[in-house]
Amino acid sequence: MAFQKAVKGTALIGGGAIATVFGLSQFSQYRNKHGALVQVQAAEGAPVRKDHLPTREQQLVALQTSGEFDVLVIGGGATGCGCALDAATRGLKTALLERDDFSSGTSSRSTKLIHGGVRYLQKAIMKLDFEQYRMVKEALEERAHLLQSAPHLSAPLPIMLPIYKWWQLPYYWIGIKLYDLVAGSQCLKSSYVLTKARALELFPMLRKDKLVGAIVYYDGAWPLPLPAPGVGSAGCAAGPCSQVSGACGVRCRDVLTGKEFDVRAKCVINATGPFTDSVRKMDDQEVPNICQPSAGVHIVMPGYYSPDNMGLLDPATSDGRVIFFLPWEKMTIAGTTDSPTDVTSHPIPTEEDINFILSEVRNYLGADVEVRRGDVLAAWSGIRPLVTNPDSKDTQSISRNHVVTVSDSGLITIAGGKWTTYRAMVRDTVDAAVREHGLRAGSCQTMGLQLEGAQDWSPTLYIRLVQDYGLESEVAQHLASTYGDKAFEVAKIAQVTGKRWPIVGKRLVSEFPYIEAEVVYGVKEYARTAVDIISRRTRLAFLNVQAADEALPRIVDIMAKELNWCEQKKKEQLETAKTFLYYEMGYKVKTDQLTDRSEISLVPADIERYKKRFRMFDKDKKGFITILDVQRVLQSISVQMDENTLHEILNEVDLNKNGQVELNEFLQLMSAIQKGRVSGSRLAVLMKSAEENLRRRQAIPVDRSGGGL
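Convert by adding 10 to the 1-based position in the sequence shown; the result is the number in my numbering.
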């Protein structure tokens, strides 16, 4: 067919080489919120649980030797994996191709909400747009399904709309009540109005002046990067297949080995998100574009910026965009911006976008809460693959409706839509595939389908992990809420710590509950890159880029042992992951806040104070301090710190990378801290603490009274 001729021997997705390939049969799997695979049963047959997944090598062999597939899905994000899952549950012999790690694109870079879309409902009413209304209605129904399918991963989240003008109270109240009404029986919890005092009690960080009250409504919190990688026993047909004249397929290449091979299928589904039009043009160069990408930036800040269980919505920012401010993984996520973009460019967050989000956050938080640029722990940009027409003026006016198209050659394309409605999107897509290609298949079976891990999960499951394995309570809660009842499999391979407590479970970094056993477990479930581990199997890269960078060497060592990597391979993985953190997760814009070109804008009194503190370490008046200087001061106050840690601390401030911290660099650091561009500097805290300690030791003792007549 035309599509086979168009792609044979060429790059398939986004101009890059075809990469990781996986097959899927009558059993498919969902991926949990940190990337772990969980298996779901197909529509037919008795329940079966597999203790061991086939290896990636076995999958590749099966993909090449299983003959013609019924359905071949291109794209391993939410929509592509959902298509594979839907097709598999209908008894179709299914394969899935992904050029990168699963969910490495748009699917892992969302706002972590399952929602109908309050702003879409507003536009539907204001513009009398029935299509927008239908999309919101469908999204609210799908929201309920997602919450039921994985109770260990998701939960209703209250979101507050602070009201600062009296007229807004009835306006927003009516709108939110309509949101509840459209949800009908699927309404999570009824919205309600709060007084000013009650709003400040629940969200004490709010700006108090002119606050009238607040409205609280409910949507779903869903920290899932993707629902279903297409992994299972490749090449096993779930039912009889009809023959279609003229088979189609793709020529693909495994980027891990370089081997090329053909995969043939009766039907090809294009589920490549922002790269939709690239694949469509491989089929037909003349086809018009239907995808208008929109870039959305999110930032992550410390958890103290928001309550543990209350989000905030800014429905009308200074430029008309919507900003969410949500608790996530004990941190605070804020976003998103919305602007057209070129999908061929790297999704790199810009300083302009970050500052815009921070400015909106400042508008809603009290004056006693200093919103600092240095508190941005991670930042990323995701590309929304919105469907548009050539006359559309901007992406903000586009809804999240999805479109399924069929080309003259039979290529099925699914475009548009949103995370919440992915199940309905893939249902319509597979329906079209069955109809257009005459495939013999059952009806959609994904409604009510639970992720494995949900069946025996309960809110108290983590207690058993603590009692049975000796895990820390925080780690046990994390494992239970991530893997459900599969958490026991992770706990079984956790290493003994050698401490009195916890007994097992070595953390990758001290401030997050991710443990080394999760790396091993991720490898068993097809993780092949360090980037996959730090960003999707765990969420370190999305939560704190510095913590992720700190954990990388140990992660690479564990993966190397499991996958028999040579030293060169380890070096490549480490460099690739560091580049990913630097550009795509905001490390660059974070380090740009303090460079050797940073200005020193301190008042004379502060300059003298900081010079005095610096000289306490620079006793020889060299004009710079080294590790030896810091060690000498620490020893004088009876503080011990290993040399590697000291090297890391000084390296953060060694802007010209000459192995020492000069006075000018120290003043640049303190100036950046004062401006809020830098926070959490270990050297600044260490030097201040040492100065105060030395002062106490050098203080003149108070004379004692008494001793004579």
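Cβ coordinates follow ideal geometry from the N, Cα and C atoms, glycine included.
With contacts defined by Cβ atoms closer than 8 angstroms, Ala425 and Pro357 do not form a contacting pair.
Contact between the segment 623 to 642 and the segment 669 to 680 is present, with at least three C-beta pairs closer than 8 angstroms. In the three-state DSSP reduction, Pro168 falls in the strand class (E or B). Here Leu138 is exposed. Its C-beta has fewer than 16 other C-beta atoms within 10 Å. DSSP places Pro180 inside the alpha helix (DSSP H), whose first and last residues are 178 to 193. Three or more Cβ pairs drawn from the segment 545 to 560 and the segment 583 to 596 lie within less than 8 angstroms of each other, which places the two stretches in contact.
A distance below 7 angstroms between beta-carbons, with the five flanking residues on each side excluded, links Asp385 to the following residues of its chain, in chain order: Met311, Pro312, Ser689. Selection Leu102, Tyr174, Gln684 evaluated against Cys277 yields Leu102 as nearest (Cα-Cα).
Residue range 432 to 447 is occupied by the alpha helix (DSSP H) that includes Val444. Residue environment: Thr121 is assigned as buried (16 or more neighbouring CB atoms within 10 Å of its CB, all protein chains considered). Contact between the segment 280 to 295 and the segment 105 to 119 is present: three or more C-beta pairs spanning the two stretches fall below 8 angstroms.
The beta carbons of Glu675 and Asp664 sit about 7 angstroms from each other, so the pair counts as a contact at 8 angstroms.
Boundaries around Tyr374 are those of the alpha helix (DSSP H), 361 to 374, since no beta strand (DSSP E) includes it. With 16 or more neighbouring CB atoms inside 10 Å of its own CB, Ser164 falls in the buried class. If the five residues before and after Phe627 are omitted, its C-beta is found closer than 7 angstroms to the C-beta atoms of Ile635, Asp639, Val640, Val643, Met697, all from its own chain and listed in chain order. Taking the Cα positions, Arg607 is about 12 angstroms away from Ala682. Val514 is bridged by DSSP to Val506. Comparing C-alpha distances from Glu152 to each of Tyr493, Gly230, Ile473, Arg517 shows the shortest one belongs to Gly230.
In terms of Cβ geometry, Tyr531 and Val566 do not form a close pair [threshold 8 angstroms].
Under the Cβ criterion (8 angstroms, minimum of three pairs), the segment 514 to 526 counts as touching the segment 474 to 484. By the 16-neighbour rule on beta-carbons within 10 angstroms, Tyr374 is buried. The Cβ neighbour count for Gly77, taken over all protein chains shown within 10 Å, is under 16; the residue is labelled exposed. The criterion of a C-beta distance shorter than 8 angstroms is satisfied by Val203 and Gly223. Closest in alpha carbon position to Ala451, among Ala434, Glu67, Ala98, Ile367, is Ala98.
Met311: member of the beta strand (DSSP E) spanning 301 to 312, first to last residue. Pro303 sits away from Ile225, with the two beta carbons spaced by 8 angstroms or more. Take the alpha-carbon of Leu323 and the one of Val332: they are about 7 angstroms apart. Shown here, Phe140 sits in a helix according to DSSP, grouped into three states. If you draw a straight line from the Cα of Leu179 to the Cα of Leu679, it is about 45 angstroms long.
Taking C-alpha positions only, Ala551 is separated from Trp177 by approximately 42 angstroms.
Under the DSSP assignment, Asn411 falls outside any beta strand (DSSP E); it carries neither an H nor an E label.
Separation of Val416 and Thr605 (C-alpha to C-alpha, rounded to the nearest whole angstrom) is 52 angstroms. According to the DSSP secondary-structure assignment, Phe335 is paired through a beta bridge with Leu322, Ala344.
In this structure Ala134 touches Val146 by the C-beta definition: roughly 6 angstroms separates them, less than 8 angstroms. Approximately 36 angstroms separates the beta-carbon atoms of Ile422 and Ala388; this is outside 8 angstroms, ruling out the contact. Per DSSP, the beta bridge partners of Gly230 are Ile124, Pro166.
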